[in-house]
Structure formats: structure tokens, C-alpha cells
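So the sequence shown is residues 16 to 234, counted in the working numbering.
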Amino acid sequence: MSDSLSHPVAWTPHLPADRVLMTLKTRGPQSIAVIARAMDVTAEAVRQQMTRLHADGLVDSESHSAGRGRPTQIWFLTEAGHGRFPDTHAEMTVQMIGAVRQVFGDEGIEKLIQVRENAMLNSYHQAMLGAKSLKGRLERLVDVRCAEGYMAELRQDGAGFVFIENHCPICSAAKACMGFCRSELELFRAVLGEGVQVDREEHILAGARRCAYRVSARA
16 MSDSLSHPVA
26 WTPHLPADRV
36 LMTLKTRGPQ
46 SIAVIARAMD
56 VTAEAVRQQM
66 TRLHADGLVD
76 SESHSAGRGR
86 PTQIWFLTEA
96 GHGRFPDTHA
106 EMTVQMIGAV
116 RQVFGDEGIE
126 KLIQVRENAM
136 LNSYHQAMLG
146 AKSLKGRLER
156 LVDVRCAEGY
166 MAELRQDGAG
176 FVFIENHCPI
186 CSAAKACMGF
196 CRSELELFRA
206 VLGEGVQVDR
216 EEHILAGARR
226 CAYRVSARA
């Protein structure tokens, strides 16, 4: 998979520590040298930030050996580090899901998810107006999802694309009810059109650091 971004994520932090966290969030575990190149700063500047972030419990590292030579320290976000990125109204949302399930049962939850999906589908169809190509529609989808806090990006991979969401602002709700994840996959398929294949390849709730979807035109 190509690692070049064809569309940037929406949020660009300004504080050096936040930029380090953002780099790890969007690119996954990395060495200090790679982070420094991504941020266009010196390795020493990144090392100083890592020391502070590690002391705060936001990052950790492990040694990776690639044959001869000294092992490379690979840095990654801890659970607390991931927690620095917002999960929209998490506690209240989970409580409401529990209340709906208690009063109306699983059928009520499914109706709630369907109403949400229909409303999003209408909004997303409006966002797609004028986008003729699959790439154009995906770029519109990136814009919409970035505005909703998903830190989305698009990468071209051979004849198809990989649509990536580096963050899930409804993660707690999705953990409480997997129907939200199923609904969003169906939403993507509906809004991108019948001639498009959309498959989820990485899933945050399955332990991945992000959600990623392979998208291609059907043969």
C-alpha cells in the first residue's frame, strides 16, 4: 500500500507535542527519525517531546531489531494517548443506548440506527452532487468525514483506493452497539454507488489502530 497521502486529514495541531501525537495517530508506530522527517524538525526536537509525552503516559516504545546494528526504538500511542483524541459525548451516548435497549429492546436500537443512517445518507448524497468519478466521490466523503471528526484520508492503491479513518469519534457508542459499524459500512456502499465494491480491511474495534476500507469499481 502506498504511504503517500492524496488528501490531508482535517486537523493540523500547532503545539509540538500535539504534532507528535497526531503523527503517531495517523501514521502508526514510528521511529524518532521518521517522525522528525514527517514534521520537518530535528530528531533531537522530537526526542525532547517524546521524553515529556512518555512521562505523561501518552506514548511508549519498544525495540525493533532489523539485523545487524543497534535496535531501533519504535514509538506508539498508549491508551491514554489515544484518549487525547475526542470520543464525542461518549458517556452520555452509551447511557442513552443502554436506556433505549432497556425500554425498547434490540428492535428499538435497530430502528434508532436506521433513522441515523437514513439522515446521514440524505446528507451524504447532497455532498456528492457534481462528483462524477469514484475518486471525486471519495474525496467528498473524506471532506464530510473529516468534518465529523474521523480524521479521514484517501490513498490510491493500484487501480483502486484505500479510504482511511484514523479516528472514531463514536468509538464508545460503537463498542456498546456494533450495529453502528455495520450501518456505516452500508452507508459508504450506498453513497458510492452500485458499481463500487467497498470492503473493510482494518477495524478499530477488532484491535486495529484505524478503520480502513478498500474501494474499487466492480469489474
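Virtual Cβ for every residue (Gly too), placed ideally from N, Cα, C.
Bear in mind the structure is a predicted one, so any value in this text is a computation, not a measurement.
C-beta contact flag for residue i and residue j at 9 Å
{"i": "I124", "j": "C192", "result": "yes"}
{"i": "V115", "j": "G175", "result": "no"}
{"i": "I219", "j": "C161", "result": "no"}
{"i": "V206", "j": "F178", "result": "no"}
Cβ-based neighbour list, residue i, same chain, cut-off 6 Å, excluding 5 preceding and 5 following
{"i": "T108", "result": "A188"}
{"i": "C196", "result": "A189"}
{"i": "A236", "result": "Since the first residue shown for the chain is 16 and the last is 234, residue 236 is missing from the structure and cannot be characterised."}
{"i": "G164", "result": "P184"}
{"i": "L20", "result": "For L20, the predicted structure reports a pLDDT of 40, less than 50, and the residue's modelled location is therefore unreliable. A value from the coordinates is still provided. Counting only Cβ-Cβ distances below 6 Å, and skipping sequence neighbours, we find E168."}
{"i": "A142", "result": "R155, V159"}
Range of the contiguous alpha helix (DSSP H) that encloses residue i
{"i": "A253", "result": "Absent from the model: residue 253. The displayed extent of the chain is 16 to 234, so no value can be given."}
{"i": "G194", "result": "194-207"}
{"i": "D33", "result": "31-42"}
Cβ neighbours of residue i in the same chain (closer than 8 Å, five flanking residues each side left out)
{"i": "L202", "result": "E132, M135, L136, Y139"}
{"i": "W90", "result": "L39, P44, Q45, S46, I47, I50, M65, V74, D75, S76"}
{"i": "E106", "result": "S187"}
{"i": "H69", "result": "D75, S76"}
{"i": "S78", "result": "P86, T87, Q88, I89"}
C-alpha gap between residue i and residue j, whole angstroms
{"i": "Q14", "j": "A51", "result": "Residue 14 is absent from the model: the chain starts at 16 and stops at 234."}
{"i": "V35", "j": "Q88", "result": "15 Å"}
{"i": "K171", "j": "M37", "result": "According to the sequence as given, residue 171 is Gln; it is not Lys. In a straight line, the C-alpha of Q171 is about 22 Å away from that of M37."}
{"i": "R62", "j": "G151", "result": "39 Å"}
{"i": "Q209", "j": "Q129", "result": "Sequence check: residue 209 is Glu here, not Gln. Approximately 20 Å, taken between the alpha carbons."}
Cutoff 7 Å; reference residue i; Cβ partners in own chain excluding five residues on either side
{"i": "R67", "result": "A32"}
{"i": "A223", "result": "E217"}
{"i": "R215", "result": "L200, C226, Y228"}
Residue i: CB within 8 Å of a non-hydrogen atom of the ligand NAD
{"i": "R85", "result": "What this structure holds is no ligand at all, so the ligand NAD is not there to describe."}
Kindly provide the ranges of any alpha helix (DSSP H) runs that are 4 or more residues long and lie completely inside the segment 115-171, ordered along the chain. Within the segment 115-171, the runs of alpha helix (DSSP H) at least 4 residues long that lie entirely inside it are, in chain order, 149-162.
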